[in-house]
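Numbering (full-length UniProt numbering), first residue to last: 1 to 197.
The C-beta atom is built at its ideal place from N, Cα and C for all residues, glycine as well.
This report refers to the structure that appears directly beneath it.
Laid out in structure tokens, this is it:
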């Protein structure tokens, strides 16, 4: 049985964590991005599919290219953040299952079934994106997930060499500017959106 996290850890991951739109000038180095991956890769996915394909936009050129695909105020957020991660999903993830899930022929479950692969890639890459956010928080960073972008344009700009990969969502990362935060939005009690059957 795993040990229960203390309140400080739970605050870092959940209770005190916020969505940031503005960050300090403190940079995020490549070693930290590697460390995020080295945590998030352990998060469970169905049959260890690991369909997420992540592009970490750190250069001004990459940020500008991504910002051109975004809408509303998101282009400015992308350009200003130290890093923006594109969480893509590989609908041909099953080709890697002989390596990633070797104890049974899981690849055959998905061969010839594009609809199943699409649904599974979306579900499990979304999980991996959430693990990315938690891993970043665990390492002292803040995040700003967003979906206001043209997914087809992002695919053309960043995944043209990987036609089976499609953008799921994006998130900025950095060290948040707490002075820019609005009051926290409500979070309801258990009874509002839950039931135990």
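Residue range of the alpha helix (DSSP H) that includes residue i
i           : result
residue 154 : 151-158
residue 117 : 114-138
residue 78  : 74-80
residue 105 : Premise fails: residue 105 is in no alpha helix (DSSP H) and is neither H nor E.
residue 7   : 7-10
Between the CA atoms of residue j and residue i - distance to the nearest angstrom
i           : j           : result
residue 120 : residue 139 : 28 angstroms
residue 196 : residue 175 : 38 angstroms
residue 63  : residue 78  : 6 angstroms
residue 178 : residue 21  : 10 angstroms
residue 109 : residue 115 : 12 angstroms
residue 16  : residue 157 : 35 angstroms
residue 66  : residue 11  : 32 angstroms
Below-7 angstroms beta-carbon distance, residue i vs any chain B residue
i          : result
residue 56 : Absent from the structure is chain B; it holds one protein chain and no more.
Reduced DSSP category for residue i - H, G, I as helix; E, B as strand; rest coil
i          : result
residue 17 : coil
residue 34 : helix
residue 67 : helix
Minimum C-alpha distance to residue i - residue among the options
i           : options              : result
residue 51  : 59, 40 and 82        : 40
residue 98  : 124, 83 and 47       : 47
residue 18  : 126, 92, 144 and 150 : 144
residue 101 : 181, 45, 191 and 190 : 45
The beta strand (DSSP E) enclosing residue i, as first and last residue numbers
i           : result
residue 145 : 142-146
residue 190 : Here residue 190 belongs to no beta strand (DSSP E); instead the alpha helix (DSSP H) covers 190-193.
residue 173 : 165-174
Supposed close pair residue i, residue j - CB separation, criterion 8 angstroms
i           : j           : result
residue 135 : residue 36  : 5 angstroms
residue 172 : residue 83  : 7 angstroms
residue 117 : residue 96  : The pair is not a contact, with the Cβ atoms about 12 angstroms apart (cut-off 8 angstroms).
residue 43  : residue 131 : 4 angstroms
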